[in-house]
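Notes to accompany the following structure.
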Amino acid sequence: MKRTLPLVLGFGAGLVMLLDSFFNIPFVNNLAQRYFMRSITVSVAWAVGIGSLNLLRIHFRNISQRRTNWMFSAWLVFVFGFMAFSGFFLVGHNQNPFYTFFYSSLQQNLSSTVYALNAYYMVSACYRSFRVRSMEAGALLVVAIIVMIGSVPLGAYIWGGFPLLQDWISKMVNDAAVRAMSIGVTLGSLSQSMRNLVGVERSYLGGEE
Amino acid sequence: MENTIWHRLSKLDHRIIYLVYTIVVAFPLIFGLGLPLPITDDVRAAYEVIKGLPPGSIMYLGCDLGATNLAECKPPIVAICKFAYELGHKIVVSGFWVDGPSLAYIWMEPAMNEIGAVYGEDYVNLGYRASMSSILDQSRYSIIEAFSDRDINGNRLSEMPIFQNLAKASEFTYLVTINPGYPGTADYIRAWRSTGDVSLIIDVPTAGMITTNGTHLQAGLTQGMIGGLNGAAQFEALIGYPAKATASMDAQGVGIFIIIAFLVLGNISFIQLRKQNELTKGGS
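Next comes the structure, spelled out in structure tokens:
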């Protein structure tokens, strides 16, 4: 019963969603939209809350047991609490000056700064790691250079053919490869979904088979 | 043998690389090069689609992005919103990345205030909602119900003028999706295009996603693509509003050439060292 009931529920819910996608049956459409879809929204919203609590639990434990770098955990808990407090309880909520200052002037700028640092790592990695050790690596290097040059105005300024070459590589060679991969992934997801739906794949239930 | 230029180059201090990169990129950022910007077919198609729509059209702007995408995503959001407003279109913003709608709100507000757009009448921000697929699916029947009748600031959607003529997703004239990955374009296609609710989609991916999202454009699932900072700069040029993207393109171009220069230099030193090693082995 412990395994059969979830399997039956899973099959029933999956079937309703499948029928809702392909057929116009008012009862099924209503059931899918009014109940199942809203249930998903509520479940995911709860998951966000549980994720936040779990994050706090892990970091509180780090602090209480004085684990390595526990002070970073303390800082995380402090900032978490501060942002949550200013967003939930101060006047104006997410329009409160404290909240907007820390969000717009710190979080936003720090995130984009850290991301921008990738450019430096890329230059360094290109110089140190990308080595033409084989024909394939050589081909990759040439194509990468053409695509990079063709993507910026400076490339077109040097020679008008670079953007055309880049466009041809992107649209003919790359798109064909990406499409082949995405069709493969989709077929794989489809078969995996069918296995879940009919109960062949049961690992999502947890525990032993 | 150990002191050849190739040995020294192979052990070049990374701080020198960083310094060279900083100086070379800073120059066009500060002074600008003013290089001509060729317009690609993808960006022109996006521009033509938006321009061809009548006043009163409603755009859904999906901002599924994070703060890390500031450089690439802010310029197209601002440019597209300004252009749409000038054409008399209404704008409905949302997103399924936690930061997306909040950032769009922060980035859009100054621009929308500057052009005199009225919140709730000309544009609205629905805020973040968890669970993209279920919200998009519910929006096919009722946007107000799907978004719990609340915008990003907790105001009632049902009381806003923009929602007097907007009930469900099929009433969006077109969709613009700005995203650096998943969830993103493919999810909107699955939720609203494959169901026949929204047939016009303009894709605004970050540069890293152009290669993946190009297949949607080629298959006719999207009608135009404004890819990366380069696409945003081209769009700014088309609408006659040169701004942040245009200013940044010269620096990006020079930055790419520096990367290529180091790439080539690193490989030349690698090949030379290999040759030297082979000679040494042959000699011994």
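Just so you know, the sequences run in chain order A and B. Note that the working numbering numbers the first sequence so that position 166 is 166, with each residue one more than the last. Start counting at 1 in the second sequence, then tack on 209, and there's your number in the working numbering. Beta carbons: idealized from backbone N, C-alpha and C, even for Gly.
Residues of chain B with a Cβ closer than 7 angstroms to the Cβ of A156/A are, in chain order, P247.
Of all alpha-carbon atoms in I419/B, H425/B, T431/B, Q485/B, the one lying nearest the alpha-carbon of S408/B is that of T431/B. Looking at the DSSP output, M181/A sits in no beta bridge, so it has no partner there.
Excluding five sequence positions before and after D358/B, the CB atoms of its chain that fall closer than 8 angstroms to its own CB belong to R365, L366, S367, given in chain order.
Residue burial is scored here from C-beta neighbours: Q192/A has fewer than 16 other C-beta atoms within 10 angstroms and is therefore classed as exposed.
Within 7 angstroms of the CB of Q427/B, the CB atoms of chain A belong to K171, D175, in sequence order along the chain. Considering only H223/B, P451/B, I267/B, I435/B, the residue with the shortest C-alpha distance to C126/A is H223/B. A distance of 8 angstroms or more separates the beta carbons of I387/B and I300/B. The secondary-structure analysis by DSSP pairs L384/B across a beta bridge with Y269/B, I410/B. For the stretch 119-140 of chain A, the beta-carbon criterion of a distance under 7 angstroms to any beta-carbon of chain B is satisfied by A119, Y120, M122, V123, S124, C126, Y127, R128, F130, R131, V132. The way I'd put it, the stretch 67-81 of chain A doesn't touch the stretch 229-245 of chain B; fewer than three beta-carbon pairs between them come closer than 8 angstroms.
Nearest to A442/B by alpha-carbon distance, out of T277/B, Y314/B, A376/B, D251/B, is D251/B.
For N334/B, DSSP records a beta bridge to V302/B. Look at the stretch 399-480 of chain B and you find these whole runs of alpha helix (DSSP H), each 4 residues long or longer: 419-427, 437-448. About 11 angstroms separates the beta carbon of F305/B from that of L335/B, a gap too long to meet the 8 angstroms contact definition. In the three-state reduction of the DSSP assignment, Y328/B falls in the strand class.
With respect to chain A, the C-beta atom of G475/B has a partner C-beta closer than 8 angstroms. Within the DSSP secondary-structure output, R365/B pairs in a beta bridge with R359/B. Taking a cut-off of 8 angstroms for Cβ pairs, the stretch 385-403 of chain B and the stretch 214-232 of chain B do not touch, as fewer than three such pairs fall below it.
Within the same chain, and ignoring the five residues on either side of L205/A in sequence, the residues whose Cβ sits closer than 8 angstroms to its Cβ are R3, P6, L7. Here G437/B really is in contact with T415/B; their C-beta atoms are around 6 angstroms apart, less than 8 angstroms. Nearest CB-CB separation between Q347/B and chain A: below the 8 angstroms threshold.
Leaving aside the five residues that flank H59/A on each side, the residues in its chain whose CB is nearer than 6 angstroms to its CB run, in chain order, S73, L76, V77. Separation of F372/B and Y256/B (C-alpha to C-alpha, rounded to the nearest whole angstrom) is 26 angstroms. Contact annotation: I411/B and V385/B have beta-carbon atoms nearer than 8 angstroms. Taking all protein chains in view, the Cβ of S39/A is surrounded by fewer than 16 other Cβ atoms within 10 Å, so the residue is classified as exposed. Secondary structure of W168/A (DSSP, three-state): helix. Here F82/A is exposed. Its C-beta has fewer than 16 other C-beta atoms within 10 Å. Counting every other CB atom within 10 Å of its CB across the protein chains shown gives Q461/B a total of 16 or more, marking it as buried.
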